[in-house]
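Each protein sequence line maps, in turn, to chains A and B. With UniProt numbering, letter number 91 in the first sequence gets 91, and the count goes up by one each step, no holes. With UniProt numbering, letter number 168 in the second sequence gets 168, and the count goes up by one each step, no holes. C-beta: ideal position from N, C-alpha, C; glycine also. Notes follow once the structure below has been shown.
There are 2 protein chains.
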Amino acid sequence: MNIADQTFPAIDGANEDRAQAIRDQLRDAIVDRRLAPGTKLSEGEVGTLFDVSRTVARAALQMLSFEGLVRTERNRGAFVANPSPEEARQVFASRRLIEPGIAIAAAGRMTSADVAAFKTQLEEEGRFIAERGPTARRSEIKASGDFHLLLASVAGNVILQRFMEELVARSSLVIALYGRSGISSCGHNEHVQILEALEAGNAERASALMLHHIDHIEADLDLRVRSGPALRQALEF
Amino acid sequence: MNIADQTFPAIDGANEDRAQAIRDQLRDAIVDRRLAPGTKLSEGEVGTLFDVSRTVARAALQMLSFEGLVRTERNRGAFVANPSPEEARQVFASRRLIEPGIAIAAAGRMTSADVAAFKTQLEEEGRFIAERGPTARRSEIKASGDFHLLLASVAGNVILQRFMEELVARSSLVIALYGRSGISSCGHNEHVQILEALEAGNAERASALMLHHIDHIEADLDLRVRSGPALRQALEF
DNA sequence: TCAGAAAAGATTGCATACGATTTCCACCAG
DNA sequence: CTGGTGGAAATCGTATGCAATCTTTTCTGA
Chain A
1 MNIADQTFPA IDGANEDRAQ AIRDQLRDAI VDRRLAPGTK LSEGEVGTLF DVSRTVARAA
61 LQMLSFEGLV RTERNRGAFV ANPSPEEARQ VFASRRLIEP GIAIAAAGRM TSADVAAFKT
121 QLEEEGRFIA ERGPTARRSE IKASGDFHLL LASVAGNVIL QRFMEELVAR SSLVIALYGR
181 SGISSCGHNE HVQILEALEA GNAERASALM LHHIDHIEAD LDLRVRSGPA LRQALEF
Chain B
1 MNIADQTFPA IDGANEDRAQ AIRDQLRDAI VDRRLAPGTK LSEGEVGTLF DVSRTVARAA
61 LQMLSFEGLV RTERNRGAFV ANPSPEEARQ VFASRRLIEP GIAIAAAGRM TSADVAAFKT
121 QLEEEGRFIA ERGPTARRSE IKASGDFHLL LASVAGNVIL QRFMEELVAR SSLVIALYGR
181 SGISSCGHNE HVQILEALEA GNAERASALM LHHIDHIEAD LDLRVRSGPA LRQALEF
């Protein structure tokens, strides 16, 4: 898969930062798996695709590199990240630490508008699961992550929200690489249960459910190292 | 305080990324309060000071902006962040959520080398407390943060480690802005106790002590809003 | 035929240039 | 004296050019 095969919507009104707009679109593409791990993102190509100079493209890639979605090597360029099993474990360890707390914080702040937003979100998630095909599957992974991001936004801590954005994005990459089967239907169920607990104001239960939910997601991964370290490194691209 | 009044050690062997080296030095200056919140960091000045082009200076400032230590405004430039009381609360809420977990993880991984490193660290911290004067005070705040960073590195999760780097740096800013008195001697004591628990392998106790420790740090802050919101916003720079 | 060296091509790192935007300040009308 | 106005200076956003580095291809000698 090459970045040149991608199509991106034109950048909207240049009022906002163009580099940021490019970062958002690239991030979506990575999280949606339209860009496979390891894909080279050359400054020139990105610039041409979005019709900006290398300067701006470079800034966008630098941002993605901070978020851990892109790995940059000096004098070699930027590549879609290819997280190792160890990195994958750390991503989920971080989520286990943070998300139960976010659930507790959110439970104390849910408004009826928030509940409505969650219901809309979960409905959409359900639709993608019902559908079949690779496109629906991508949308499903994305929607599943959006549930967690919505929760983080309700929790009302912008710092934790940003951390979660990074963790969810990296999780998508990890699931793409190491995912085994249909976490989805099971996961959707768990999302529903978490929402019920939140709606009932049962913070403890929401927190515990969240912890189990993360465990389930991680349990579906196959994080065994596939070959000896030497070969592994040699093939790592 | 102007950035031009600062002196910075020359950047070392250009093997590493120069922008990164500049970021590190600026971060130290901000955390040490040699650069006051609100100070303008113009690309040109930074570039001149470090003898690089604006391109590189800009990249360094962009990194700091991601970490929340610098706020950038379009067409206006970069300024040392000036966290609001609300931001301050969120920084500490995040730490309360993350650090007890880090303490638990670290407790299970402490080696004797780690213990030695902690002891060295705490000795140094003690020395700065014994000394008096503004320079020692700065070093003391820095050393206090380093304790938490050391703990994060022992915990062995590089993602959480990076989150902690950001949180500790932002905490230093917050303490500089809203700190009241001598958290230090008290804080040092608590660090010692935490280390004792870690050494004894008592993860639960280390975690609980950490939580209290963070509470104490935050309790020493004066986060009351000083004036009406209208004036406050007008004066916010 | 194949390993190794040399050259060609591509890509990044960085500096610089130029237009656009904002800030500052002198000036003037009310 | 206050408040608005115009232009100059400063600063930012972005494109582009050149040197350094890496990659690939080609050539040579065994």
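Return the chain-ordered list of same chain residues with a C-beta closer than 7 Å to the C-beta of R23 of chain A, the five sequence neighbours on each side being excluded.
Closer than 7 Å at Cβ, skipping near neighbours: A60, M63, L64.
Proximity test, L35 of chain A beta-carbon vs the ligand FAD heavy atom, cut-off 7 Å:
Ligands in the displayed structure: none, and consequently the ligand FAD is not present.
Any beta carbon from chain A within less than 8 Å of L61 of chain B's own beta carbon?
Taking a beta-carbon distance threshold of 8 Å, L61 of chain B does not count as an interface residue toward chain A.
Between B:R18, B:A78, B:K40, B:L26, which lies nearest to S53 of chain B when the distance is taken from Cα to Cα?
Cα-wise, what sits closest to S53 of chain B is B:R18.
Residue range of the alpha helix (DSSP H) that includes F118 of chain A
First-last of the alpha helix (DSSP H) with F118 of chain A: 112 to 130.
On the DSSP bridge list, what partners appear for R71 of chain B?
B:F79.
Helix, strand or coil at L151 of chain B according to DSSP, with G and I counted as helix:
Three-state result, L151 of chain B: helix.
When the distance is taken between beta carbons, is G38 of chain A closer than 8 Å to N82 of chain A?
Taking 8 Å as the cut-off, the Cβ atoms of N82 of chain A and G38 of chain A count as close.
Terminal residues of the alpha helix (DSSP H) in which R205 of chain A lies:
R205 of chain A -> alpha helix (DSSP H) spans 203 to 219.
Mapping DSSP to helix, strand and coil, what is G179 of chain B?
Strand.
Please check if any C-beta of chain A sits within less than 8 Å of the C-beta of F163 of chain B.
For F163 of chain B, the answer is yes, since a Cβ of chain A falls inside 8 Å of its Cβ.
Under 8 Å by Cβ, that's how I've got A103 of chain B and S171 of chain B pegged, so tell me the actual separation to the nearest angstrom.
That belief does not hold up - the Cβ atoms of A103 of chain B and S171 of chain B are roughly 16 Å apart, past 8 Å.
Could you tell me if residue 241 of chain A is buried or exposed, where buried requires 16 or more neighbouring beta carbons within 10 angstroms of its beta carbon?
Lying outside 1 to 237, the shown extent of chain A, residue 241 of chain A is not represented and no answer is given.
Who does L41 of chain B pair with in a DSSP beta bridge?
Per DSSP, B:A78.
Would you mind working out which of A:E99, A:E199, A:A197 sits nearest E165 of chain A, comparing C-alpha positions?
Just measuring C-alpha positions, the residue of A:E99, A:E199, A:A197 sitting nearest E165 of chain A is A:E99.
Taking Cβ-Cβ distances below 7 Å as the criterion, which residues of the segment 87 to 105 of chain B are in contact with chain A?
Those residues of the segment 87 to 105 of chain B that come within reach of chain A (Cβ to Cβ, closer than 7 Å) are Q90, V91, A93, S94, L97, I98, G101.
Chain B beta carbons: is any one of them nearer than 8 Å to that of F8 of chain A?
Taking Cβ atoms only, chain B never reaches closer than 8 Å to F8 of chain A, which makes this a no.
Would R74 of chain A count as contacting chain B if we go by Cβ distances under 8 Å?
Taking Cβ atoms only, chain B reaches closer than 8 Å to R74 of chain A, which makes this a yes.
So what's G145 of chain A in DSSP terms, helix, strand or just coil?
Helix.
Compare the C-alpha of L221 of chain B against each of B:D146, B:Q25, B:V70, B:P85 and name the closest.
A check of alpha carbon separations from L221 of chain B across B:D146, B:Q25, B:V70, B:P85 identifies B:P85 as the nearest.
Top-ranked residue by Cα proximity to I141 of chain B, from B:R127, B:S153, B:V154, B:A57
Out of B:R127, B:S153, B:V154, B:A57, B:R127 has the C-alpha closest to the C-alpha of I141 of chain B.
Sorted by chain position, which residues of the same chain lie with C-beta nearer than 8 Å to R138 of chain B's C-beta, five sequence neighbours on each side aside?
In chain order, D32, R33, R34 place their CB closer than 8 Å to the CB of R138 of chain B, counting only its own chain and leaving out the 5 sequence neighbours on each side.
Quick one: list the residues of chain A neighbouring L177 of chain B, beta-carbon separation under 7 Å, in chain order.
In chain order: nothing, as chain A lies at least about 16 Å away.
Take the Cβ of S94 of chain A as the centre, count every other Cβ of all protein chains shown within 10 Å, and call the residue buried at 16 or more, exposed below.
Its Cβ being crowded by 16 or more others within 10 Å, S94 of chain A is buried.
N189 of chain B versus A21 of chain B - alpha carbon distance
Approximately 33 Å between the Cα atoms of the pair.
Length of the line joining the Cα atoms of A203 of chain B and T111 of chain B
C-alpha separation (whole angstroms): 14 Å.
CB contact check: V46 of chain A to chain B, cutoff 8 Å
It does not; no Cβ of chain B falls within 8 Å.
For A219 of chain B, count neighbouring Cβ atoms within 10 angstroms of its own Cβ and tell me buried if that reaches 16, exposed if not.
Residue environment: A219 of chain B is assigned as exposed (fewer than 16 neighbouring CB atoms within 10 Å of its CB, all protein chains considered).
Alpha-carbon to alpha-carbon, N157 of chain B and A105 of chain A:
Roughly 24 Å between the two C-alpha positions.
Residues of its chain near G179 of chain A, where Cβ-Cβ distance is below 7 Å and the 5 sequence neighbours each way are ignored
Non-local C-beta neighbours of G179 of chain A in its own chain, meaning closer than 7 Å and more than five positions away in sequence, comprise D220, L221, ordered along the chain.
Cβ neighbour criterion (16 or more within 10 Å) applied to E131 of chain B
By the 10 Å Cβ count, E131 of chain B comes out exposed.
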